[in-house]
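Residue numbers (this note's numbering): 1 to 485.
Okay, here's the thing in structure tokens:
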């Protein structure tokens, strides 16, 4: 990557820069290979942040089908984390795992479950055999204590579980249906697939481990129990471990990386997979190299750019994200390692600019909070707009959850020192209410960015990108107008 007029002496955010088009021989955005350059080989270079309000089992399996990976947070108990990993590993790589209820489930209990999946239905099961579908529209206007078998749709489109995505698409198109239910030879539920899901299956390659199962990562704190937690997560099948704290360039993080690296290596020697270790967060080349020396394969870069983070306003500490990514990526590349750009992305352009600066992949948090697949409960404001609550991982709310084993006094004292928002409404975009919709939005933008740079891979994109510095009015000029001026 190069600057059009030389690298400035001041640091830059994503808003401060733009990319100039260059001569290109790339004929189509679909000619671009978006495989991550972080060593994980993700077919989509996106990572879901390890935030309690965002990353759970549903999010993890959904993004993994589309080539990305999600990191479950360190606040989960080992039992809950193990269950999440196990269920993602059992999930089908093509068919979605639907919400399911029994015929006797009452409408009041079914309705809150339906929005947890973007396809908007729950499968009604007798045992494991699908007998109906129920949507919010089916239950509209009926008594909340009515069992779903009285309102469900029984005219189902069933397909064999070995059907290809193309075959399912043709079946749905011919029957003018929106969703197909895949069943095995015994007639038991395997999963569901919509027409849009079938199309996506032809565009994205799932992120899978060596056994062909969906991948999922897990976060580990830097407490004295980090090595034990890492050992348990590896035994459960985690595909990447993230050592996570707000200030990653500290002795405790370095000591934890050394300890967890020893656990990882022991796991690999005993026949397990050698999983990548991620450490962070830092914003300097020095911090990046120190974490790599301690054992990090990937370094997480970003202090203060996240939507839920108040660190910069409270402490003055942090760094504009584009410059942090640029310098840390260069330092990591010099020693054969990579970084994740963590935070500060609010538009597809920001993801493209992070990759142009050399990030191996881009971690997204709050942007994905306002989706059906995030962990929060779907709520509505006074105007009927759907939203989910999000909160920062250094907020008082997160600290209370993380310190449950401490005394009430210790928890209360820790909660005084928060550096994050404890409650924020993340509204669902009516045009893109699911995380897959946002992934389509992001990847289409990044693919187009690569064609403007004449790049067929992300390595080429970083090598060829030409970046300029713009004024605030230059940034505003590029924003679309949704109504006349």
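Here a beta-carbon is modelled for each residue, glycine too, at the ideal position from N, C-alpha and C. This one's a predicted model, so the numbers in the text were calculated from it and none came from an experiment.
Output needed for residue i: all residues of its chain with C-beta closer than 7 Å, excluding positions within five of it in sequence on either side, in chain order.
{"i": "residue 67", "result": "42, 43, 44, 204, 205, 206, 207"}
{"i": "residue 194", "result": "119, 178, 179"}
{"i": "residue 475", "result": "15"}
{"i": "residue 331", "result": "285, 288, 289"}
{"i": "residue 31", "result": "456"}
{"i": "residue 227", "result": "259, 260, 263"}
Using only the alpha-carbon positions, how far apart do residue i and residue j sit?
{"i": "residue 310", "j": "residue 77", "result": "26 Å"}
{"i": "residue 395", "j": "residue 60", "result": "At residue 395 the pLDDT is 49, less than 50, meaning the model places this residue with poor confidence; the figure from the coordinates comes in the next sentence. The straight-line gap from Cα to Cα measures roughly 23 Å."}
{"i": "residue 361", "j": "residue 113", "result": "32 Å"}
{"i": "residue 100", "j": "residue 124", "result": "6 Å"}
{"i": "residue 277", "j": "residue 56", "result": "20 Å"}
{"i": "residue 241", "j": "residue 249", "result": "18 Å"}
{"i": "residue 212", "j": "residue 479", "result": "42 Å"}
{"i": "residue 11", "j": "residue 305", "result": "13 Å"}
{"i": "residue 283", "j": "residue 48", "result": "19 Å"}
{"i": "residue 33", "j": "residue 72", "result": "27 Å"}
{"i": "residue 302", "j": "residue 165", "result": "38 Å"}
{"i": "residue 335", "j": "residue 272", "result": "26 Å"}
{"i": "residue 381", "j": "residue 364", "result": "25 Å"}
{"i": "residue 260", "j": "residue 251", "result": "14 Å"}
{"i": "residue 156", "j": "residue 105", "result": "19 Å"}
{"i": "residue 253", "j": "residue 222", "result": "6 Å"}
{"i": "residue 219", "j": "residue 74", "result": "5 Å"}
Which word fits residue i, buried or exposed, when buried means at least 16 other C-beta atoms lie within 10 angstroms of its C-beta?
{"i": "residue 169", "result": "buried"}
{"i": "residue 350", "result": "buried"}
{"i": "residue 300", "result": "buried"}
{"i": "residue 291", "result": "buried"}
{"i": "residue 374", "result": "buried"}
{"i": "residue 407", "result": "exposed"}
{"i": "residue 323", "result": "buried"}
{"i": "residue 95", "result": "buried"}
{"i": "residue 439", "result": "buried"}
{"i": "residue 367", "result": "buried"}
{"i": "residue 481", "result": "exposed"}
{"i": "residue 198", "result": "buried"}
{"i": "residue 188", "result": "exposed"}
{"i": "residue 433", "result": "buried"}
{"i": "residue 313", "result": "exposed"}
{"i": "residue 25", "result": "exposed"}
{"i": "residue 377", "result": "exposed"}
{"i": "residue 485", "result": "exposed"}
{"i": "residue 459", "result": "exposed"}
{"i": "residue 21", "result": "exposed"}
{"i": "residue 436", "result": "buried"}
{"i": "residue 388", "result": "buried"}
Output the boundary residues of the alpha helix (DSSP H) element that contains residue i.
{"i": "residue 348", "result": "348–356"}
{"i": "residue 317", "result": "Premise fails: residue 317 is in no alpha helix (DSSP H) and is neither H nor E."}
{"i": "residue 368", "result": "366–369"}
{"i": "residue 425", "result": "Residue 425 -> not in any alpha helix (DSSP H); beta strand (DSSP E) instead, spanning 424–427."}
{"i": "residue 172", "result": "165–175"}
{"i": "residue 259", "result": "251–269"}
{"i": "residue 243", "result": "Counting along the chain, residue 243 falls outside any alpha helix (DSSP H), though it belongs to the beta strand (DSSP E) covering 240–244."}
{"i": "residue 24", "result": "No alpha helix (DSSP H) contains residue 24, which DSSP labels as neither H nor E."}
If you follow the beta strand (DSSP E) that residue i is in, where does it begin and where does it stop?
{"i": "residue 204", "result": "Residue 204 -> no beta strand (DSSP E), and no H or E assigned at all."}
{"i": "residue 194", "result": "189–194"}
{"i": "residue 18", "result": "17–20"}
{"i": "residue 90", "result": "Segment 78–90 is the alpha helix (DSSP H) holding residue 90; no beta strand (DSSP E) there."}
{"i": "residue 290", "result": "Note, residue 290: premise wrong, no beta strand (DSSP E); alpha helix (DSSP H) at 285–294."}
Report back the beta-carbon spacing between residue i and residue j to the nearest angstrom; my notes put them in contact at under 8 Å.
{"i": "residue 110", "j": "residue 69", "result": "Between residue 69 and residue 110 the Cβ distance is about 31 Å, and since that is not below 8 Å, they are no contact."}
{"i": "residue 486", "j": "residue 14", "result": "The question about residue 486 has no answer here: the residues shown for the chain are numbered 1 through 485."}
{"i": "residue 131", "j": "residue 154", "result": "7 Å"}
{"i": "residue 116", "j": "residue 372", "result": "6 Å"}
Could you name the residues of the same chain whose beta carbon sits closer than 6 Å to that of residue i, not counting the 5 residues immediately before and after it, in chain order?
{"i": "residue 267", "result": "234"}
{"i": "residue 103", "result": "124, 149"}
{"i": "residue 385", "result": "427"}
{"i": "residue 209", "result": "215, 239"}
{"i": "residue 325", "result": "301, 341, 354, 357, 359"}
{"i": "residue 232", "result": "78"}
{"i": "residue 172", "result": "180, 195"}
{"i": "residue 146", "result": "107"}
Using C-beta distances below 8 Å, list every residue in its chain close to residue i, excluding the 5 sequence neighbours before and after it, in chain order.
{"i": "residue 356", "result": "1, 19, 449, 453, 461, 462, 465, 467"}
{"i": "residue 472", "result": "15"}
{"i": "residue 470", "result": "16, 17, 18"}
{"i": "residue 151", "result": "107, 134, 138, 139, 142"}
{"i": "residue 257", "result": "243, 277, 279, 291, 294, 295, 296"}
{"i": "residue 339", "result": "38, 288, 298, 299, 300, 301, 325, 328, 329, 332, 358, 359, 360"}
{"i": "residue 127", "result": "188"}
For residue i, decide whether its Cβ has a neighbour in chain C, counting only Cβ atoms nearer than 9 Å.
{"i": "residue 368", "result": "Although the question refers to chain C, the structure presented lacks it and comprises just one protein chain."}
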